[in-house]
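Counting in this note's numbering, the sequence shown runs from 2 upward without gaps.
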Amino acid sequence: MELLNKLRVLADELYSKSNSEKYLIIKEMLEDDRCFFYISSSTALSILNDLGFSNDEALVMYEKLISPGSYKKTFESISVK
């Protein structure tokens with residue numbers, strides 16, 4: 002979640018500076034804590050690239066965002082019945 006929050010701040014800053022619809026869409030997507038679990042890896046990497054990260058950085062970040070630990074933290078409030 003900490004990484005996702007950092008991405009949210011970055012997207013907000015980029016949107017504030019540019020007023021670009023691209024960054025508005027990214028901001029809206031990042032509002033959902035589960036967003037990286039629902040989008041394709043290519044879309045996720047593209048978003049991270051748009052936020053200014055190199056391909057290598059984006060890949061490392063993406064792997065952290067969808068790691069088992071991240072999944073557990075994101076979905077821990079959902080109980081299985």
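Beta carbons: idealized from backbone N, C-alpha and C, even for Gly.
Outcome for residue i when other beta-carbon atoms lying within 10 angstroms are tallied against a minimum of 16
| i | result |
| --- | --- |
| Asn41 | Residue identity differs from the one stated: residue 41 is Ser in this sequence, not Asn. Exposed is the call here. |
| Tyr24 | buried |
| Met62 | buried |
| Ser21 | exposed |
| Ser55 | exposed |
| Ser71 | buried |
Pair within 8 Å by beta-carbon distance, residue i and residue j
| i | j | result |
| --- | --- | --- |
| Asp51 | Leu5 | no |
| Lys74 | Met2 | yes |
Selection from the options that minimises the alpha carbon distance to residue i
| i | options | result |
| --- | --- | --- |
| Ala59 | Lys18, Ala45, Leu11 and Val10 | Ala45 |
| Arg9 | Lys73, Tyr72, Ile26 and Glu32 | Glu32 |
| Lys28 | Tyr39, Phe38 and Leu15 | Leu15 |
| Leu66 | Ser55, Asp57 and Cys36 | Cys36 |
Open item on the list: Going residue by residue through the stretch 16-48, where are the continuous alpha helix (DSSP H) segments of at least 4 residues, counting only ones entirely within it?
Closed with: 22-31 and 36-39
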